[in-house]
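Residue numbers (my numbering): 52 to 645.
In this text, a Cβ means the ideal position worked out from N, Cα and C, and glycines have one as well.
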C-alpha cells in the first residue's frame, strides 16, 4: 500500500561560513564512542544497520554508484563493546588470557580478581548495582558476577549457545540474550549462528531458541516485555511471557521481497511502537512493518535513501535522500498508519546523506561522509547530469523505476531546476547543517563550513553539544582533528582541535558536561587522552603510561576510567576535580596503585 508525500519547500536553508578557528597547544585525538550505556553520549553507531550496507557504489565512497540510480553509500562507524564496564561503584575488566575478571572499586581502587570461564571477552551490566554478566567465548558459557557492598564477588557459570560473541541485556537488567553477532570480530565456526540463549536472571531460567539467519542486533521495548532480534531474514519477536514455550519465535519479514540481498538492507526497530522500518539500497521506498500483526505499509520516496534513523522516544523517523540537485529528508510519524502523509523537506544547495538526531529529537545534524564529485559516470539516457542520475528530476517528480508503489509527486513548489544544486567547487563533507524541529517544521536551519571532511558525528546525552570527527589532512604537521560544536546557540560556536594521530574511542559523560577522546599511535609513541570540558570547550591532554583501548564512566563515583593495553592490566581513573589515579597489574592479582 502506497503513501502520499507532501512537500514543504517554503523555507531556504541558511548558510554561514565561519572563518574563526580556535586552537590550543595540546595534541590529542579521538574517534567513535564505545557502544555502552555507561559511556554516555550518542555517536553514529548504527547498531541495527546491516553490516557493510551496499548501495551499489563500490567501496571507495565516491561517485554516484554503478547502477545509474543510487547515491554512494554513507559510512557509519560501529562502537567497540569490548571494554571494561561499570556497575554501581565497581568496574569489571575481563582478561581473555588469564580467564579472569578484575573487579575494581572505583572509590578505593581495591581490586578483587575472580576466575570465570575460558576466554572472557564481553562484559555487560545487569540491573543491580555491582552485578554484571561476562561472555566466556572459549568455553561457550557466561558468568554472572555479583559484588556485595563489602567488595566480595560471587560467580555463577551458565552454559550458552556455542559460537556466541555478544550480549544484549534488557532495560530492567533481568534478561540476557547471548548470541552470535554477524558484524562481530569473529566468524562463526562449526554449527549455526542462528542458535540463541536467553537467561532470565530473576527466575534463574535458561531458554534456547533458533532465530533468523545471521543476527545483527537485539532491541527491547522499555518495559522489557518484548525483544526484537534483527536478522538477515527479518525480525524475530520474542515475548517474555512466552519464553518457556518458545523454540522458534515468530519471524516477521520487513520488506516485500524476502530474496533481497541482506547487504542492501537497513533495518531499524522502534521497539516501544512495535514497528520495524527498512530501506533497500537503490530502492525509492521505505517499508514500515507492524511486528505484532505483520501488516506492512510502504512509503514511496522521491529518490533512493541512504540513511534511516528513529528518534529516541520512537515517535518519528528521519529518512535522508542526497542529491547533487539538492537533498531532501522525510519525517515519518510513528506508529505508522494507513493514509498517513509524511512531509518531504528540501535541503537546497546541500548534499546530505546522513542524519543524527539529538536524544530529545528536537535537533538534527545533516551531513555526508562521501564526496559525490570524486568520480564521474557515463550519462544515462534521460539524465541531465552524469554525476547525479537524480538531477533531471529537479528535486521532485515521480518515485522512479525502482518503486512499484507510492506516489512521490508533490503539491509543493518546484525547486527551480538548478537553483538548489550543489556547487561543484565545494566538498559536501566539509558542510554540516543543523536543523531544529520546532513542532515538526524543521524550518530553523543553519549550515556551517568545517575545516576538514567529516567522517563521524557524536552528540552529548543532553543534546547541547556535538563532536565532529574529521578525515586526516594531507597538509600540515598535525594531520588529524575534530570539531566541538555548541548546539544551544542560535549561531553555533565551534572549535577545531588538532590531534597527533588517527582518532580512537570517544566517550561523553551522562550529564553531558565532559567528554574524553583517546589518542593512540604506537609507531610514534603517542598514548594520550583528551579531557574535554563541554561547557567551555577547554581541552586538557593527559599522557598515559600505556596505549589507551577504551573508556567508560562510573556513575556512582562520577569517575571516568580509561583502560589501556598492558600485559598485566592497567586502568586510569579521572574524577571531576582532575585527580588522576592508575592501577596496574590486576591481571596478575598483584595490583600497584599509582
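Assuming residue 183 and residue 177 form a contact by the criterion Cβ under 8 Å, report the distance between their Cβ atoms to the nearest whole angstrom. Within the chain shown, residue 183 is the residue found at index 132, counting from 1. Within the chain shown, residue 177 is the residue found at index 126, counting from 1. Between residue 177 and residue 183 the Cβ distance is about 6 Å, and since that is below 8 Å, they are a contact.
Closest to residue 284 by CA distance: which of 291, 295, 269 and 303 is it? Taking the chain shown and counting its residues from 1, one reaches residue 284 at position 233. Among 291, 295, 269 and 303, the Cα nearest to that of residue 284 belongs to 303.
Just curious, the beta strand (DSSP E) that residue 361 is in, first and last residue? By one-based count along the chain shown, residue 361 stands at place 310. Unbroken beta strand (DSSP E) run through residue 361: 358 to 361.
Does the beta carbon of residue 559 come closer than 7 Å to any beta carbon on chain D? No chain D is part of this structure, which consists of one protein chain only.
Buried or exposed: where does residue 633 fall if 16 or more other Cβ atoms within 10 Å of its Cβ makes it buried? Within the chain shown, residue 633 is the residue found at index 582, counting from 1. Buried, by the Cβ-count rule.
Helix or strand or just coil, what does DSSP make of residue 480? Walking along the chain shown from the start, residue 480 turns up at place 429. It is helical.
Using DSSP's beta-bridge definition, name the partner residues of residue 369. What you label residue 369 is simply residue 318 of the chain shown in a count that begins at 1. Note: residue 369 sits in a beta bridge opposite 360 and 382.
Rounded to the nearest angstrom, what separates residue 615 and residue 600 at their Cα positions? Position 564 of the chain shown, counted from the start, is the residue given in the question as residue 615. Position 549 of the chain shown, counted from the start, is the residue given in the question as residue 600. Those two C-alpha atoms are separated by around 5 Å.
Assuming residue 479 contacts residue 122 under a Cβ cut-off of 8 Å, what Cβ separation, rounded to an integer in Å, is found between them? Locating residue 479 in the chain shown gives position 428, counting from the first residue. Locating residue 122 in the chain shown gives position 71, counting from the first residue. 11 Å between Cβ atoms; not a contact.
Nearest residue (CA-CA) to residue 150, options 144, 138 and 169: Counted from its first residue, the chain shown places residue 150 at position 99. Of 144, 138 and 169, the residue nearest in Cα terms is 169.
Closest Cα partner of residue 241 within the set 540, 214, 192 and 631: Here residue 241 refers to the residue found at position 190 of the chain shown. That would be 214, whose Cα lies nearest to the Cα of residue 241.
If residue 592 sits next to residue 579, beta carbons under 8 Å apart, how far is it from one beta carbon to the other, in whole angstroms? Along the chain shown, read from residue 1 onward, the residue named residue 592 stands at position 541. Along the chain shown, read from residue 1 onward, the residue named residue 579 stands at position 528. Indeed, because the Cβ distance is near 5 Å, the residues count as touching under 8 Å.
Neighbour-count burial assignment, residue 627, 16 or more Cβ in a 10 Å radius: Within the chain shown, the letter at position 576 stands for residue 627. Exposed, because fewer than 16 other Cβ atoms sit within 10 Å of the Cβ of residue 627.
Those residues which DSSP pairs with residue 549 across a bridge: For the purposes of this step, residue 549 is identified with residue 498 of the chain shown, where counting begins at 1. The partner list for residue 549 (beta bridge, DSSP) reads 532.
What does the alpha-carbon distance come out to for the pair residue 293 and residue 247? Translated into positions along the chain shown, residue 293 becomes position 242. Translated into positions along the chain shown, residue 247 becomes position 196. About 15 Å.
Could you check which residue in 372, 617, 541 and 489 has the C-alpha nearest to that of residue 499? Translated into the one-based positions of the chain shown, residue 499 becomes position 448. If we check each option's Cα against that of residue 499, 541 comes out closest.
Should the stretch 408 to 421 be regarded as contacting the stretch 382 to 389, the criterion being three or more beta carbon pairs within less than 8 Å? no
Start and end residues, beta strand (DSSP E) containing residue 407: The residue given as residue 407 occupies position 356 in the chain shown. Taken as a continuous stretch (DSSP letters only), the beta strand (DSSP E) holding residue 407 covers 405 to 408.
Given that a residue counts as buried once 16 or more other Cβ atoms are within 10 Å of its Cβ, and exposed if not, what is residue 535? Here residue 535 corresponds to residue number 484 of the chain shown, with the count starting at 1. Burial call: buried.
Got a sec? Which residues, its chain only, sit under 6 Å from residue 165 by beta carbon, not counting five neighbours each side? Your numbering for residue 165 matches position 114 in the chain shown. Closer than 6 Å at Cβ, skipping near neighbours: 152, 204 and 206.
Taking all protein chains shown into account, decide if residue 31 is buried (16 or more other Cβ within 10 angstroms of its Cβ) or exposed. What is shown of the chain runs 52 to 645, which leaves residue 31 out entirely.
Residue 374: buried (16+ other C-beta within 10 angstroms of its C-beta) or exposed? To locate residue 374, count along the chain shown from 1; it is residue 323. Looking at its Cβ environment, which holds 16 or more other Cβ atoms inside 10 Å, residue 374 is buried.
By the three-class DSSP mapping on this structure, what secondary structure does residue 323 have? Taking the chain shown and counting its residues from 1, one reaches residue 323 at position 272. Correct three-state label for residue 323: helix.
Top-ranked residue by Cα proximity to residue 126, from 351, 513, 404 and 482: Numbered from its first residue, the chain shown carries residue 126 at position 75. Checked all of 351, 513, 404 and 482; the closest Cα to residue 126 is 404.
Per DSSP, residue 287 forms a beta bridge with which residues? Within the chain shown, the letter at position 236 stands for residue 287. Residue 287 pairs with 280 and 302.
When the Cα atoms are used, what is the spatial distance from residue 345 to residue 324? Walking along the chain shown from the start, residue 345 turns up at place 294. Walking along the chain shown from the start, residue 324 turns up at place 273. Their backbone Cα atoms lie some 13 Å apart in a straight line.
Checking the sheet assignment: what are the DSSP bridge partners for residue 171? As a working note, residue 171 is residue 120 in the chain shown. Note: residue 171 sits in a beta bridge opposite 187.
Quick one: what's got a C-beta closer than 7 Å to residue 475's C-beta in the same chain, skipping five residues either side? Translated into positions along the chain shown, residue 475 becomes position 424. Closer than 7 Å at Cβ, skipping near neighbours: 424.
Could you compute how far the alpha carbon of residue 291 sits from the alpha carbon of residue 505? Against the chain shown, residue 291 aligns to sequence position 240. Against the chain shown, residue 505 aligns to sequence position 454. One C-alpha to the other measures close to 42 Å.
Own chain partners of residue 537 with C-beta closer than 8 Å, once the 5 adjacent residues on each side are dropped: As a position in the chain shown, residue 537 is number 486, starting the count at 1. Here the set comprises 515, 516, 543, 544, 545 and 588.
Where residue 329 and residue 359 are concerned, what is the direct C-alpha to C-alpha distance, given to the nearest angstrom? Your numbering for residue 329 matches position 278 in the chain shown. Your numbering for residue 359 matches position 308 in the chain shown. So the alpha carbons of these two residues sit roughly 8 Å apart.
Per the DSSP calculation, residue 138 is bridged to which residue(s)? Within the chain shown, residue 138 is the residue found at index 87, counting from 1. Partner(s): 141.
If you follow the beta strand (DSSP E) that residue 592 is in, where does it begin and where does it stop? Mapped onto the chain shown, residue 592 falls at position 541. Residues 590 to 594.
List the residues that DSSP assigns as beta-bridge partners of residue 653. Here the chain has residues from 52 to 645 only, and residue 653 is not among them.
Let me know the secondary structure DSSP gives residue 292 once reduced to three states. As a working note, residue 292 is residue 241 in the chain shown. In the structure shown, residue 292 sits in a helix (DSSP, three-state: H, G or I).
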